[in-house]
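Below you'll find the structure, written out as structure tokens, and then a few comments.
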Amino acid sequence: MEIWINPACSKCRSALGLLDEEGAQYTVRRYLEDVPSEDEIRTVLERLGLAPWDITRTQEPEAKALELAGWPRTDESRDRWIAALASHPRLIQRPIITADDGTAVVARTDEAVRDAIGRG
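Each residue of the sequence shown is one higher than the last, beginning at 17 in my numbering.
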């Protein structure tokens, strides 16, 4: 299991605390320093079952500068969104846990973290 975190994020710190409390085995990826590639983002999106705009933090200054609110949310625009996430990793929703069973969750709640733990 891997968790993508921003150490400054309270939701990330909470998720890490719960993983530790539950004795889960995991690795930490500080995705602002170890930026995921476009292919890694595609893989995580597939595992999440989500589109790139579903994991985009649209209130970040970078999102406003890119005017993401006006971008189309279509299959044809997926690559543009993924490129933006790879170029501006602060836009990626956090934390994301990739489970050993091949799935992933956006772990913003204790329930989501427990769900990821249950998936292995």
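Don't be surprised by glycine CBs; every beta carbon is placed ideally from N, CA and C.
Just so you know, these numbers come straight off a predicted model, no measurement behind them.
Below 7 Å CB to CB, which residues in the same chain sit around alanine 99 once its five sequence neighbours on both sides are set aside?
So the qualifying residues of the chain are Glu54.
In angstroms with no decimal places, state the Cα-to-Cα distance between arginine 130 and glutamate 78.
Spanning the two alpha carbons is a distance of roughly 31 Å.
Could you tell me how far apart the beta carbons of tyrosine 42 and methionine 17 are, in whole angstroms, since I believe they sit closer than 8 Å?
With 8 Å as the limit, tyrosine 42 and methionine 17 qualify as a contact, their Cβ atoms being about 4 Å apart.
Bridge partners of valine 44, per DSSP?
BP columns for valine 44 point to Ile19.
For threonine 90, count the other beta carbons within 10 Å of its own beta carbon; 16 or more makes it buried, fewer makes it exposed. Which is it?
With fewer than 16 other Cβ atoms within 10 Å, it is exposed.
Name the residue from Asp116, Gly134, Ile112, Ile133 whose alpha carbon lies nearest to the alpha carbon of leucine 66.
Looking at the Cα atoms, Ile112 is the closest of the given residues.
When we look at the beta-carbon of proline 88 and count the other beta-carbons within 10 Å, is it buried (16 or more) or exposed?
Classification of proline 88: exposed, given that the 10 Å Cβ count is below 16.
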